[in-house]
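Whatever position you read off the sequence shown (first residue = 1), add 10 for my numbering.
Quick reminder that beta carbons are idealized off the backbone N, C-alpha and C, glycines included.
Notes for the one structure printed next.
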Amino acid sequence: AYGSALLSLDLGVSPWVTIPLGGLLAAAVAMIMALFCLRLRSAYFALATLAFVEIPKVITDNWDGLTRGSLGLVGLPGLPSLRLGSYHFDISASPTGSYYFVLCYGFVLLLLVAVIFRSNLGLALQAIREEEVAAEALGIQVQRYRLLSLLLSGFFAGITGACYAHLVRYIEPGLVYGLHFSAMPMVFAICGGRFTILGPALAALVLYPLDQFIFHPLLPAGHEFLYGAVIILAILFMPSGFWGQLRKGRLVSIKTGSIE
C-alpha cells in the first residue's frame, strides 16, 4: 500500500502502474521475512510472521520525511477510469464505481485462488499442510513451496492494499498495520472455513457488514473483543467453519440418502 501510494503521490506515476509494483514490493518484503522465518513450523512460524509485521509499522510510523509518520499520506490519486470499447467505467467518481471494481476484483481473485488450489502447487501445499514430514518423504520440496506460498501471499496482499489505498485515497500506519485489519482476514478464514475457497469470502460478506453496522456502533472502543469472541465460538462449535460444516452436512445427507 505504501509503495504504490508513494510512487503515485511523489512521482506522479499512474496507479495502474504503481499497484503491480506495490505487489512486487510486498513480495520482496515476504522474501526477506522468509530468510528468518521459513524454517520455523506451525505456531512458531505464525508468531514469527506476526512479530515481523511490527518492523514495517515502526518504520512507516517514524520515517516522517518519507511516509509523513502518523499523519499518513493524504490526497492519493484515485484509480483512473477504465474504457472498454464505448463503455466508460469511472471507478473513483462514486461509491457505486468503487463497489463494482471491488466486486470484480474479488471475483477475479477467487478464480485465481481456485486455479492455484487445483494446480500442482495447490496439491503440494495441501500435502504440506496435512503432514509436512510425510510430504517431504514423498519428494515434495517443502521449503521451496513454502517460499512460493509466501511470495504469492505477499504479492496479492500488496496489490489488494494498494487498491485499497487508492480507493480511500488516504493511508496511515494505524490503518495499514492495525489489529483490526490484521485480525479480520483470520476471522473470515476461521469462521468461513480455513481449507475452503468460498468459505472465507462468504464469511467476509456476512461479518464485515455486521462489524460496520452493529459491532462498531455498539462497542466503538473495543469491538475487536467481539472478533475474539467470534473466533472462540467458531473454534468450539464450528472447527471446520461455516462452509466446512455445510459441506459435511451435505455429505452426511448424501450417505444417508436424505437428499432427494
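Check	Outcome
Whole angstroms is fine: what's the gap from A214's alpha carbon to Q222's?	12 Å
By how many angstroms is the C-alpha of L148 removed from the C-alpha of L60?	30 Å
Which residues mark the beginning and the end of the beta strand (DSSP E) in which L94 is found?	92-94
So, with DSSP's three-state summary, where would you put I245?	helix
Count the other CB atoms within 10 Å of the CB of Y109; is the residue buried (16 or more) or exposed (fewer)?	exposed
Give every residue of the same chain whose Cβ lies closer than 8 Å to the Cβ of T206, excluding the five residues on either side of it in the sequence, and list them in chain order.	G251, W253, G254, R257
Among T77, V118, L86, L94, which residue has its Cα nearest to the Cα of A211?	V118
Decide if the stretch 26-36 is in contact with the stretch 156-175; the criterion is three or more beta carbon pairs, one per stretch, under 8 Å apart.	yes
If we ignore side chains and look at the alpha-carbon of each, how far apart do E140 and F127 end up?	14 Å
Closer than 8 Å is the cut-off here; do at least three beta carbon pairs connect the stretch 36-51 with the stretch 159-166?	yes
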